[in-house]
């Protein structure tokens, strides 16, 4: 599947329209550009999806309008200024968002607060005699160079740039280290200021920079910009504990754009469908960046609780009709398209269904996300395969019939020859000349 495993979801829909998420019953393995398995990132079948990720920082109570009263601290970038920012700064943390995205609007105040925190932390480090940062301006946005440049890109205005960056969902929070995406991939943790600051600390520690974030300065900046309760003021201690927490560095999405899906689904013996779609509870996906091209390695339909070694024997060529989709590759060349597979299941008296299938390319509206769909229907006609073998006495009977038939034919021939011979002898005897004395 030409999708990131983070965004792959498998749903089953019954004939009554009941939708059931079956993703937990499948195993997803990331693939690189050449289709090579990233075995170390293989998903455990019993692993549950994380559903408690904070989508914004509850301590940020100001609206985005209030935070923009004195200007925007998160720098707006385009294709030119992004390249300049990546060239001039070691660390650039970018929020790729869309104006219509609900998750992006929820995150906006938190992202602006993060930019203010990073800016104030830098100013405090300079006041305390720390490393001085040179004043650098971006071509279209004036801002001081901070330890980590907090920026944002509107993918509605700069659609081409987001396509070049392979942005498939909004918001995508991507950290660039020395002009390249951080090797842990896009940020997928809690979208709180503290967690994102810790993520940046991890990146700086890994980078080995001499000028690092000041923990005291960050704590002071957090206190000024967040309305915290008494419990939330323990964030300073939590920040120290978070410094020791490992981050997820399972795979790099730039190197593993695909996903291999394997597993089994239990379906009712009624018409329905199952489909593979791009979905994320924490993102709004970009439909034009969703490519549902796929290759079917193996797909079969079998009754439950049936041992493949048991059951009535089937003709050798039957198994070719049992899995007609196996080995087929379905590639979409255009945007907003995906293949739909129509599958007719014919019951047999064996342990397999006979499958009749047809596939066609379906077009989607520009605001709908394409999906690979498998539509199932059960045929009211069943095929019964029966192998009939002759009994041993049938062979003997046939043999005796052959022998008896042969004897009868030989008898007829013998009788015919005898009659013909007698007539010839009699005729020759009658034709002899008589002697008269």
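In this note's numbering, the protein residues as written are 64 to 500. Built from N, CA and C at the ideal position, the CB exists for glycine as well.
Residue i in three-state terms, based on DSSP
i, result
"residue 237", "strand"
"residue 392", "strand"
"residue 193", "With a pLDDT of only 39 at residue 193, under the threshold of 50, the placement of this residue in the model should not be trusted; the figure read from the coordinates follows. It is coil, neither helix nor strand."
"residue 244", "strand"
"residue 262", "helix"
"residue 80", "coil"
"residue 466", "helix"
"residue 250", "coil"
"residue 483", "helix"
"residue 327", "coil"
"residue 400", "strand"
"residue 118", "coil"
"residue 459", "helix"
"residue 345", "coil"
"residue 69", "helix"
"residue 125", "coil"
"residue 172", "helix"
"residue 425", "strand"
"residue 321", "strand"
"residue 255", "coil"
"residue 74", "strand"
"residue 385", "helix"
"residue 339", "strand"
"residue 505", "Since the first and last residues shown for the chain are 64 and 500, residue 505 lies out of range."
Pairwise C-alpha distance: residue j and residue i
i, j, result
"residue 257", "residue 166", "19 Å"
"residue 446", "residue 254", "57 Å"
"residue 339", "residue 328", "13 Å"
"residue 224", "residue 143", "10 Å"
"residue 124", "residue 179", "14 Å"
"residue 398", "residue 171", "29 Å"
"residue 501", "residue 117", "Residue 501 is absent from the model: the chain starts at 64 and stops at 500."
"residue 83", "residue 215", "36 Å"
"residue 158", "residue 92", "27 Å"
"residue 163", "residue 221", "14 Å"
"residue 226", "residue 218", "9 Å"
"residue 252", "residue 132", "29 Å"
"residue 407", "residue 76", "16 Å"
"residue 332", "residue 130", "57 Å"
"residue 79", "residue 410", "22 Å"
"residue 141", "residue 160", "12 Å"
"residue 152", "residue 266", "14 Å"
"residue 175", "residue 393", "43 Å"
"residue 269", "residue 68", "26 Å"
"residue 480", "residue 460", "30 Å"
"residue 72", "residue 457", "60 Å"
"residue 426", "residue 122", "44 Å"
"residue 471", "residue 477", "10 Å"
"residue 475", "residue 485", "15 Å"
"residue 246", "residue 81", "40 Å"
"residue 462", "residue 452", "17 Å"
"residue 473", "residue 482", "14 Å"
"residue 126", "residue 248", "29 Å"
Residue i vs residue j beta-carbon contact at 9 Å
i, j, result
"residue 341", "residue 231", "yes"
"residue 177", "residue 260", "yes"
"residue 326", "residue 94", "no"
"residue 334", "residue 441", "yes"
"residue 437", "residue 404", "yes"
"residue 439", "residue 330", "yes"
"residue 419", "residue 401", "no"
"residue 347", "residue 250", "no"
"residue 138", "residue 212", "yes"
"residue 527", "residue 120", "Residue 527 is absent from the structure shown; the chain starts at 64 and stops at 500."
Identity of the residue in the options nearest residue i by Cα
i, options, result
"residue 128", "120, 168, 152", "168"
"residue 237", "411, 263, 221", "263"
"residue 241", "150, 161, 269", "150"
"residue 243", "331, 146, 173, 218", "146"
"residue 390", "268, 406, 361", "361"
"residue 229", "66, 396, 174", "66"
"residue 70", "456, 175, 137, 235", "235"
"residue 173", "148, 472, 270, 135", "135"
"residue 386", "239, 421, 471, 120", "421"
"residue 148", "246, 239, 392", "239"
"residue 429", "248, 352, 415", "352"
"residue 412", "396, 450, 427, 395", "450"
"residue 415", "470, 366, 478, 472", "366"
Closer than 8 Å: residue i CB and nearest the ligand NAP heavy atom
i, result
"residue 410", "As presented, the structure is devoid of all ligands, the ligand NAP included, so that no description of it is given."
Does the segment 81-97 come close enough to the segment 349-359 that 3 or more CB-CB pairs lie under 8 Å? no
Using a Cβ distance threshold of 8 Å, determine whether the segment 432-443 contacts the segment 462-469, with at least three qualifying pairs required. Remark: fewer than three beta-carbon pairs, one from each stretch, lie closer than 8 Å, so the segment 432-443 and the segment 462-469 are not flagged as touching.
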